[in-house]
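What follows is a set of notes on a single structure, which appears directly below.
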Amino acid sequence: MIAEAGHYALVLALALALIQSTVPIAGARWGDAALMNVARSTALAQLLFVAVSFTALVMLHVSSDFSVVNVFENSHSTKPLIYKVTGVWGNHEGSMLLWVAILALFGGLVAAFGNNLPLSLRAHVLAVQAWIAAAFYLFILVTSNPFLRIGSPPIEGRDLNPVLQDIGLAVHPPMLYLGYVGFSISFSFAVAALLEGRIDAAWARWVRPWTLVAWIFLTLGIAMGSYWAYYELGWGGWWFWDPVENASLMPWLAGTALLHSAVVMEKRNALKVWTILLSILTFSLSLLGTFLVRSGVLTSVHAFATDPTRGVFILLILCLFIGGSLSLYAWRASALKQGGLFAPISREGALVLNNLFLTTACATVFIGTLYPLALEVLTSDKISVGAPFFNLTFGPLFVPLMMAMSFGPLLAWKRGDLLGAAQRLTAAGIAALITIAVVYAWTYGGSTFAPLAIGLAIFVIAGAVTDLAERTALFRVPFATAMQRARGLPRATWGTAFAHAGVGVALIGIICETTWNSEYIGTLKPSDVAKVAGYELKLDGVTQRQGPNFREMIAQFTVSLDGEQLSVMTPSKRNFTTRGSSTTEAALLTRGASQLYISLGETTNEGAVAVRIYHKPLVLLIWWGPILMAFGGMLSLSDRRLRVGAPKPAKASRALQAAE
Amino acid sequence: MTRKQRRLTMIGGSLAVLAVAAALVLNAMRDSIVFFSTPTMAAEKQIPTGKRFRLGGLVQPGSLVRGDNLAVNFSVADGAATLPVSYKGILPDLFREGQGVVAEGALDASGVFRADTVLAKHDETYMPKDVADALKKQGHWKDDYGAKPSASAAPAPAQGASK
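Encoded structure:
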């Protein structure tokens, strides 16, 4: 009964989406306010019905109703409750349902909080949202119905993939989807602007907070996924340049560029056409990510099931939306007039540079990810493009970007003073040089690249601090006055500083982890001692334990440094009986920002255990960086300017008319 | 500067960055692309010693020999040819004899494939996609490999081991 209700609610949501995708546009054409307002009520009702549908699936999973195929294939009655809930999106059908639920949530938010939007803009935005929603409801109902029943219900389910039975599944997919799908809002705004043929600075002011929300979630989602892979897969890697990871990185890069170009548009009314294009591209890359992950063209952790019809269906959606929006762009973009002028050396110029490097970096990731697929289709040669490719292309493009990052905020709008900015960055430059010298001397004979990269990171962080110090006139006025000024600074300025510093922090972590990672791989018998980076790890013994739906072999290590006992670490290996597969649960010991990492391999006949022990210096900075970035984003989001809302759009006389 | 000059500066700058990026991509493509081969293809193509590639196939039953200090030797077969592989390190949880495997590395002078990465990615019925495609193409595909597609609705994830 619950399954049928959930299915029915989804069908109703499709019907509502179809109404929402047509009626408001007709209303906007005829200037009928009542018809345009239909968008608002249908968006809210759609959210309600999708929520009902999603709740139904959660209830089926929680109550272990194995008469439903989806529950049977991905659940087990002894599975802990939290994994029964998170298992809802630990499979293809459920995760697509989560996708549309989040899409409906964003649509509902625009409907609920878009009161200050011009009526016709809101009608258009919600209609475009409904096109996307309708396509994905159809996809779910036709190819991936999560509510299918089994004729003769089995007694026990097949259990969830053990690797997914982790708290990471509760956080990573919802965060990532909030990011992916959040960009649908800027996409809808862009398409709405093209349909209406008018766009102004107020438009950018509405789009920016939505983009920022999506960007914050995507940043956290990617970081969370990376940390999850790091501790769960058992070999200490945190980024593999796997196509699925790239699929999430591409919208992030484009979204970051969009955030910056939207600033130019909001402040200076320039780069309009480019901002529209970026909005379209960012969501297109999100859709591409969905296609890559969900269609089964890739084999990866994330590809749950491979069913050709699904692939073809998503490919159709992809072509329709990307092709459609880009054609519309080609047709209508010329109708949008160019905005303000600026010199190449200016804040705008710096932001253009930022966009240039981010989109180029995004393009190299795109090529590296799709080239193997294209080659296989065209020549049936199978190749793999791995980390070396991305390190050689992505890395060199990020170096100038990070160098320019400190200069950007110090340049004035319209016409900047590069020399002045350089003078103000002297302190940051000196800090960077000292860091390079110290790190080089300390690690003498080691890598020469690492000290330089760390110097660059310090330059970025010091540059962010310099920006704040300059704005508060720290050291030039009495301290109390500076503090007062600091309080008076717009939160967006603080946000910029935190986000930029976050990039530097993450870079330090990345460089330290990859350069000075030390490891021990070998077999240990009880009371054997392994030495890694000055730490002594003694294997005390191996015990067995029965978990709720697995058997577990736990090894206990005593960790000591310079003869002083620090802690006990217990890595384990879990064997899941239902699926007959096992997972490695690594043990982590955090020391400051560094970590010791132990994961177990197979046991030999003589009772020795194969172990992998890593010491990863400053590894946690890799994830603290993105957290800082997201925190900066949140500060920026809480800026008064965005809370108060956008000003009235430009007067109709100045408005840009569509070329009909 | 006039509007035109400004625009030219911007376009020139963009083209310069794009040219650099294109050069980087082409350079990286030349050096860091890894091809996929089965043992038969490796024998036919006469892959030179030291050239990195990905070797895919089934782990020959009975070929797994564990040496000292985590050294492992096994053979990868695709029905027509076999190739000995040596690896040092911890094998992924899902590594089993008779099952699909993908190893990355290069041939040494004695014709042994020295792997530095071993990936096993399947549950009891699922094959790595590259391996399955290659076996199908050579006609060594047995239907029972894919007999229970629904059982692999959520195939075990990529598991890897690398030195």
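Keeping their order, the protein sequence lines are chains A and B.
Following my numbering, the numbering of the first sequence begins with 1 at its first residue and continues without gaps.
Following my numbering, the numbering of the second sequence begins with 1001 at its first residue and continues without gaps.
C-beta atoms are modelled at their ideal positions from N, C-alpha and C, and glycine is treated no differently.
Just so you know, these numbers come straight off a predicted model, no measurement behind them.
Under the Cβ criterion of 8 Å, B:Asp1031 is counted among the residues facing chain A. Rounded to the nearest angstrom, the gap between the Cα atoms of B:Val1112 and B:Met1029 is 26 Å. Within the region 1078-1091 of chain B, the residues whose Cβ lies closer than 9 Å to some Cβ of chain A are Lys1088, Gly1089, Ile1090, Leu1091, listed in chain order. In the structure shown, the three-state DSSP call for A:Ile150 is coil. A:Leu468 and A:Asp417 have their C-alpha atoms roughly 18 Å apart. If you look at A:Ile613, you'll find it in the beta strand (DSSP E) that goes 609-616.
By the C-beta criterion, the region 247-262 of chain A is judged to be in contact with the region 281-295 of chain A, since at least 3 inter-stretch pairs fall below 8 Å. A:Lys531 is classed as exposed because its beta carbon has fewer than 16 other beta carbons within 10 Å across all chains shown.
When DSSP states are grouped into helix, strand and coil, A:Gln595 belongs to the strand group. Across the set A:Ala593, A:Thr78, A:Arg122, A:Leu452, the C-alpha of A:Ala593 shows the shortest separation from the C-alpha of A:Glu513. A:Ala428 and A:Phe459 have their C-alpha atoms some 5 Å from each other. Around B:Asn1069, the beta-carbon contacts reaching into chain A at under 8 Å are Gly522, Thr523. Boundaries of the beta strand (DSSP E) harbouring A:Arg551: 551-561, taken from the DSSP string. Taken through DSSP and simplified to helix, strand or coil, A:Ile167 comes out as coil.
Three or more Cβ pairs drawn from the region 516-527 of chain A and the region 607-627 of chain A lie within less than 8 Å of each other, which places the two stretches in contact. Annotation: the continuous beta strand (DSSP E) that includes A:Gly522 extends over 518-524. With respect to chain A, the C-beta atom of B:Val1101 has no partner C-beta closer than 8 Å. In this chain, the beta strand (DSSP E) harbouring B:Lys1088 covers 1082-1088.
Under the Cβ criterion of 8 Å, B:Phe1113 is not counted among the residues facing chain A. Residues of chain B with a Cβ closer than 8 Å to the Cβ of A:Val477 do not exist; the shortest Cβ-Cβ separation is about 36 Å.
Interface criterion met: the Cβ of B:Thr1009 is under 8 Å from a Cβ in chain A. Cβ proximity to chain A below 7 Å picks out Arg1054, Asn1069, Leu1070 from the region 1046-1070 of chain B. Between A:Gly179 and chain B, the shortest Cβ-Cβ separation is not below 8 Å.
When the alpha-carbon of A:Arg198 is set against those of A:Leu121, A:Gly90, A:Trp239, A:Ala257, the nearest one is in A:Leu121. Within the same chain, Cβ atoms closer than 6 Å to the Cβ of A:Val62 are found at Lys84, the five residues on either side in sequence being excluded.
Residue burial annotation: A:Phe389 is buried, with at least 16 other C-beta atoms found within 10 angstroms of its C-beta. Counting along the chain, A:Arg268 sits inside the alpha helix (DSSP H) bounded by residues 243-268. With respect to chain A, the C-beta atom of B:Asp1116 has no partner C-beta closer than 8 Å.
Classified as buried, A:Trp215 has 16 or more neighbouring CB atoms from the shown chains inside 10 Å of its CB.
Below the 7 Å Cβ cutoff, chain A contributes Thr364, Ile367, Thr393 as neighbours of B:Val1025, in chain order. Straight-line spacing of the CA atoms in A:Pro24 and A:Leu195 works out to 13 Å. The alpha helix (DSSP H) runs lying completely inside the region 98-153 of chain A and spanning 4 residues or more are 119-143, given in chain order. Nearest CB-CB separation between A:Thr360 and chain B: below the 8 Å threshold. Residue burial is scored here from C-beta neighbours: A:Arg471 has at least 16 other C-beta atoms within 10 angstroms and is therefore classed as buried. With a cutoff of 8 Å on beta-carbon distance, A:Pro344 and B:Thr1009 are scored as near each other. Secondary structure of B:Arg1054 (DSSP, three-state): strand.
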